Amino acid sequence: MNIFRLTADMTHLMSVIVLLLKIHTIKSCAGISLKTQELYAIVFTCRYLDIFTDFISFYNTIMKVIFLWTSFSIVWYMRYHKIVRRSYDKDQDTFRHVFLMLPCLVLALLINERFTFKEVMWTFSFYLEAVAILPQLVLLQRTRNIDNLTGQYIFLLGAYRALYILNWIYRYVTEPNYVHWIPWMSGLVQTLLYGDFFYYYFLSWKNNVKLQLPA
Amino acid sequence: DVKPEPHDEL
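One line per chain: the protein sequences are V and H, in this order.
Position one of the first sequence corresponds to residue 541 (this note's numbering), numbered consecutively onward.
Position one of the second sequence corresponds to residue 65 (this note's numbering), numbered consecutively onward.
See below:
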């Protein structure tokens, strides 16, 4: 474990807490894409298939449980909670996320470290997470008013992957023959997809104005 | 065959 990875995991945890706070306290999921939340639930399910077979550490297991539990809770809130679901904008959240899943699955079957079920699922989860934010970014373009919590949620979600890249650089430098191209490339694509959001988020912070993405 | 080391990152 290194400081980059610990900070990254805490940032990821913070993003989930911010979203759950928004949904649980003000009972609203306005501006949040259910498609992205469903993709994240799939990402964690496919990535943590080893939760019962490979014990790494208490930290690792506890964090896996937290990410699985919170991602499914958020999907449940947005789909079935009688108040929260009313603020879900299904007419705007129309990204066909199945078109993201199929190419990622095919790619995982073709490019992986080991052709076993768990490993292909693990690889699929990285390719899918790289593009999982797309429905959310499309929804942001469409909904004009982005509230602070939504902006903070997306910022933290993007920042965690950027911090993981620092972790991967650190591990590559300090650990002999630590090479994992699949997470590295996926993580790089994922972070780059947040590029313009980070730019406009920084501008809104610097000019102290509301976050607005260009149409 | 040697068991590959598990993925240790989240």
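Positions of the beta carbon are idealized from the N, C-alpha and C atoms, including for glycine.
Keep in mind the model is a prediction, meaning the values are calculated, not measured.
{"Asked": "So, is the C-beta of Lys622 of chain V closer than 9 Å to a C-beta in chain H?", "Found": "no"}
{"Asked": "Mapping DSSP to helix, strand and coil, what is Pro723 of chain V?", "Found": "helix"}
{"Asked": "Give me the Cβ distance between Ala670 of chain V and Val660 of chain V, rounded to the nearest whole Å; I'm assuming they're in contact under 8 Å.", "Found": "About 16 Å separates the two Cβ atoms, so there is no contact after all."}
{"Asked": "Cα separation between Asn652 of chain V and Asn707 of chain V?", "Found": "21 Å"}
{"Asked": "Taking the C-alpha atoms as reference points, what is the distance between Thr547 of chain V and Val719 of chain V?", "Found": "21 Å"}
{"Asked": "Less than 9 Å between the C-beta atoms of Gly698 of chain V and Phe738 of chain V, yes or no?", "Found": "yes"}
{"Asked": "Residues of chain H with CB closer than 9 Å to the CB of Phe607 of chain V, please, in chain order.", "Found": "Leu74"}
{"Asked": "So with Cβ pairs under 9 Å, would you call Asn652 of chain V a contact of chain H?", "Found": "no"}
{"Asked": "Please classify Val66 of chain H as buried or exposed, where buried requires at least 16 other C-beta atoms within 10 Å of its C-beta.", "Found": "exposed"}
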